[in-house]
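Residue numbers (my numbering): 6 to 142.
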């Protein structure tokens, strides 16, 4: 008498529809998260006639490399062109706009090189900020 063995069946979970379910859950949480406001204190602000007079700060990047090359917004210029270029940018500013020049100077430069550029900014009455790197430790 021959005993026949049953074929072993492996358990299988059909996961093709799980992709759709996960997509809809993700979409649901994205939509809900944009509608939720953070826990803030709700205040009714008073009205003002000058409330639209907000100062907008415009930033200009001025870079000085170690080999004394000057760049305004990634455009290479000479030292003599710094003042006219900045003056042109200051002339273009709107009434409620404040200009700030972000000065990126290489650390190997003389202090006088950076001060010369800052003097140009002072002459044009433009705020200048010298960028530094935070020291670890």
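All C-beta atoms, glycine included, are put in the ideal place defined by N, C-alpha and C.
- Between residue 105 and the set 90, 62, 11, the nearest pair of CA atoms involves 62.
- The beta carbon of residue 118 sits closer than 8 Å to the beta carbons of 69, 73, 110 from its chain, once the five residues preceding and following it are set aside; these are given in chain order.
- Non-local C-beta neighbours of residue 121 in its own chain, meaning closer than 8 Å and more than five positions away in sequence, comprise 84, ordered along the chain.
- Excluding its 5 nearest sequence neighbours in each direction, residue 79 has no C-beta neighbour in its own chain below 6 Å.
- Between residue 82 and residue 75, the CB-CB gap stays under 8 Å.
- Assignment of residue 97 by DSSP, reduced to helix, strand and coil, places it in the helix class.
- Contact between residue 107 and residue 134 holds, with the beta-carbon distance rounding to 5 Å and staying under 8 Å.
- DSSP, read as helix, strand or coil, puts residue 122 in helix.
- For residue 106, the enclosing beta strand (DSSP E) stretches over residues 102-110.
- As the crow flies, the alpha-carbon of residue 23 is around 50 Å from that of residue 140.
- For the options 136, 114, 18, the alpha carbon positioned closest to that of residue 71 is the one of 114.
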